[in-house]
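Visitor: In the working numbering, the protein residues as written are 698 to 1316. The following block contains the structure, expressed as structure tokens.
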């Protein structure tokens, strides 16, 4: 074989999907390869009817609107002109640098697909499909306990909602509940849910106080009851009920009422799982009790990881438990210090706020106080409250924030008007320090307290940020500081030196970039979600984010986070402290390939955002 053909064979043999071909097919393949040189700016593909393999250089693929869809680098194959994959409208591009291409005719490609199933399967899927397949493989589990935990609440609804209209009498409502054999009904005004009535309400709010039953049901109903989305996991729903001491929750799907779920429904569905840790938290009498419960979190992490539960659902389960521990510490603090002098909201930040925690993350929290707050009279109480809770969380394994972003810091323990001023300043004057604070506090979520205090703060943030393009440009520039670890030739860029030498930082180089992207997009569109996946879904199909790219980012996030979870589980099993640094040698060849696809999705979106928000033009 000629030297040039040998070089082509060696190049292809080292790259999927050509590595799936047998030696005989690889030996014959170079003879069918054409070589084409494309100057920077040249149209791609130069002609149809061929599979293109990038030998060196880079290609950018765009959709009909001119938005960047994908980048091709060394070793990447492009088969759209052979009609083997569907990349929607992303079918034309140009060389972003001088590029050398290998061309294989579509006829020869199809013959190879017939000869090798593994080779064929590669070309039957887009990057999106391959990531989805990778995620699905990681999530397969035969554990019945875990299967029970991962069921969505909506699947438990077996009958339509039992409702009454506002204005019906208590007696009429009680008769309906008896006839339908239900313990609760929902009160409606037209299509709007306005109240909830339970057996307990009939006993305590009617019979016990001597009402006749002829009064309107409005007199005894719970106003504006909390609802839960149908996609919520049963484990998470039970934790919420336990924390809030609810026994009934109306269930909605896309804003429409579909039924009612009770604590009994959920408890009957669950076996021994994380939901009961929340019940133990509620029963805890001392901080020592909470410390003992928190020591079970790594075991929960390990159990869920072993069962291949999704990274998203593990984050939700652990974050809900942290919420429960926080709420219990606040109750203990109030029992010791007395009732609060003015209303307050305890707010979580960071991964807890986003429901994306792993076991024993560090703390990020703050206190939002009523404008009735007087620093001279009241700060002593709230300083003691914050110290009690923060110290308790630290003892439970949620260590103090290295950057002091905690309610123990007087700067982050302020009334509503001061918080409004903070965000106004950060948005209107996006200096480096302001952008840093924005990255921390734009993920705030109320955990417990006077929740109504948080609403005007959130609305003000979304209104101001959406209207300030300069602020969004600086937020984007800050987000672009975290780049995926891929070099020019699609090789991993590893950490150098120190404890994590020759490893990949999956958190800061993979998860954080997607989190940052989602945050900027929701601020630009005025969307409320804080969870990263919910942010991507809320922005999907908008001018800022195509449906396809939203799905790609969601799958990339799940895949990277799942690799991190499995790595940490291995460290817990071996008695080591979990971290985010994964040596590529721990990963299979297929996992490394999927990881590169995920990183490329992030790179593509980062480049698109840099141009859209003008971050590439900032000095």
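Idealized CB from N, CA, C, for every residue including glycine.
Using only the alpha-carbon positions, how far apart do residue 1026 and residue 1118 sit?
Guide: Cα to Cα, the separation comes out at about 29 Å.
Visitor: Mind reading off the beta-carbon distance from residue 946 to residue 938? Whole number of angstroms is fine, and I expect it under 8 Å.
Guide: Yes, residue 946 and residue 938 are in contact; Cβ-Cβ is about 7 Å, under 8 Å.
Visitor: Spell out the partners DSSP gives residue 673 in its beta bridges.
Guide: As shown, the chain starts at 698 and ends at 1316. That puts residue 673 outside it, with no answer to give.
Visitor: Taking DSSP as the reference, what is the three-state secondary structure of residue 922?
Guide: If DSSP states are grouped into helix, strand and coil, residue 922 belongs with coil.
Visitor: Measuring CA to CA, which of 1216, 1209, 1276 and 1243 is closest to residue 761?
Guide: Taking only the C-alpha atoms, the option nearest residue 761 is 1243.
Visitor: If I measure Cβ to Cβ from residue 817 and keep anything under 6 Å in the same chain, skipping five residues before and after, which residues do I get?
Guide: Only 810 meet the Cβ criterion.
Visitor: For residue 1111, which residues does DSSP report across the bridge?
Guide: 1065.
Visitor: Can at least three beta-carbon pairs, one atom from the stretch 1012-1023 and one from the stretch 1063-1082, be found at a separation below 8 Å?
Guide: Flag = no, the stretch 1012-1023 and the stretch 1063-1082 do not touch.
Visitor: Am I right that residue 1154 and residue 1278 are in contact with their C-beta atoms under 8 Å? What's the rounded C-beta distance?
Guide: No, residue 1154 and residue 1278 are not in contact; Cβ-Cβ is about 36 Å, not under 8 Å.
Visitor: Under the three-state reduction of DSSP, which class applies to residue 1198: helix, strand or coil?
Guide: Reduced to three states, the DSSP call for residue 1198 is coil.
Visitor: Would you call residue 1104 buried or exposed, if buried means 16 or more other Cβ atoms sit within 10 Å of its Cβ?
Guide: That one is buried.
Visitor: Start and end of the beta strand (DSSP E) containing residue 717?
Guide: No beta strand (DSSP E) contains residue 717, which DSSP labels as neither H nor E.
Visitor: To the nearest angstrom, how far is it from the Cα of residue 1251 to the Cα of residue 1130?
Guide: Cα to Cα, the separation comes out at about 30 Å.
Visitor: With 9 Å as the threshold, decide whether the Cβ of residue 1201 is near any Cβ in chain C.
Guide: No chain C is present in this structure, which holds just one protein chain.
Visitor: Express the C-alpha separation of residue 865 and residue 1233 in angstroms, rounding to a whole number.
Guide: Computed Cα separation, rounded: 42 Å.
Visitor: Where does the unbroken alpha helix (DSSP H) through residue 711 begin, and where does it stop?
Guide: Here residue 711 belongs to no alpha helix (DSSP H), and DSSP marks it neither H nor E.
Visitor: Using the beta-carbon count (16 or more within 10 Å), is residue 1047 buried or exposed?
Guide: It is buried - the Cβ of residue 1047 has at least 16 other Cβ atoms within 10 Å.
Visitor: Residue 718 to residue 777, Cα distance in whole Å?
Guide: Computed Cα separation, rounded: 21 Å.
Visitor: Quick check: residue 894 and residue 884, are their CB atoms within less than 9 Å of each other?
Guide: Taking 9 Å as the Cβ cut-off, residue 894 and residue 884 qualify as a contacting pair.
Visitor: With a floor of 4 residues, list each alpha helix (DSSP H) that falls wholly inside the stretch 844-900, ordered by position along the chain.
Guide: Within the stretch 844-900, the complete alpha helix (DSSP H) runs of at least 4 residues are 867-877 and 896-899.
Visitor: So residue 1221 and residue 1169 are in contact, right, with Cβ under 8 Å, and what is the actual spacing, rounded?
Guide: That belief holds up - the Cβ atoms of residue 1221 and residue 1169 are roughly 5 Å apart, short of 8 Å.
Visitor: Taking 6 Å as the limit between beta carbons, can you name the residues of its chain near residue 1146, skipping five residues before and five after?
Guide: 1041, 1042 and 1043.
Visitor: Span of the alpha helix (DSSP H) holding residue 1241?
Guide: Looking at the DSSP string, residue 1241 is not in any alpha helix (DSSP H), and its letter there is neither H nor E.
Visitor: Identify which residue in 879, 918 and 850 has its Cα closest to the Cα of residue 863.
Guide: Of 879, 918 and 850, the residue nearest in Cα terms is 918.
Visitor: Under 8 Å: do the stretch 748-758 and the stretch 787-806 share three or more Cβ pairs, one atom per stretch?
Guide: With the cut-off at 8 Å, the stretch 748-758 and the stretch 787-806 touch.
Visitor: Take the Cβ of residue 958 as the centre, count every other Cβ of all protein chains shown within 10 Å, and call the residue buried at 16 or more, exposed below.
Guide: Per the 10 Å Cβ criterion, buried.
Visitor: Taking the runs of the beta strand (DSSP E) that are 3 residues or longer, which of them lie wholly in the stretch 1203-1257?
Guide: Runs of the beta strand (DSSP E) inside the stretch 1203-1257: none found.
Visitor: Measure the alpha-carbon distance for residue 1186 versus residue 771 and round it to whole angstroms.
Guide: Low confidence applies to residue 1186: its pLDDT is 45, below 50, so where it sits in the model is not reliable enough to give any reading.
Visitor: Using a Cβ-Cβ cut-off of 7 Å (strictly less than) and excluding sequence neighbours within five positions of residue 1253, which residues of its own chain qualify?
Guide: The answer, listed in chain order, is 828, 1211, 1295, 1298 and 1299.
Visitor: Given a cut-off of 9 Å on the beta-carbon distance, is the pair residue 1204 and residue 1261 in contact?
Guide: The answer is yes: Cβ separation under 9 Å.
Visitor: If I measure Cβ to Cβ from residue 984 and keep anything under 6 Å in the same chain, skipping five residues before and after, which residues do I get?
Guide: Excluding residues within five positions, the ones whose Cβ falls inside 6 Å are 1089.
Visitor: Excluding the five sequence neighbours on either side, which residues of its own chain have a C-beta within less than 8 Å of the C-beta of residue 925, listed in chain order?
Guide: Excluding positions up to five away in sequence, the list reads 850, 934, 937, 946, 947, 948, 949 and 958.
Visitor: Identify every residue that forms a DSSP beta bridge with residue 1029.
Guide: Per DSSP, none; premise fails for residue 1029.
Visitor: Of the choices 699, 735, 746 and 1052, whose alpha-carbon is the least far from that of residue 725?
Guide: Among 699, 735, 746 and 1052, the Cα nearest to that of residue 725 is on 699.
Visitor: Give the DSSP bridge partners of residue 740, in chain order.
Guide: DSSP, once it has assigned bridges, lists 791 as partnering residue 740.
Visitor: With DSSP as the reference, please indicate the residues paired to residue 909 in a beta bridge.
Guide: According to DSSP, residue 909 bridges with nothing at all.
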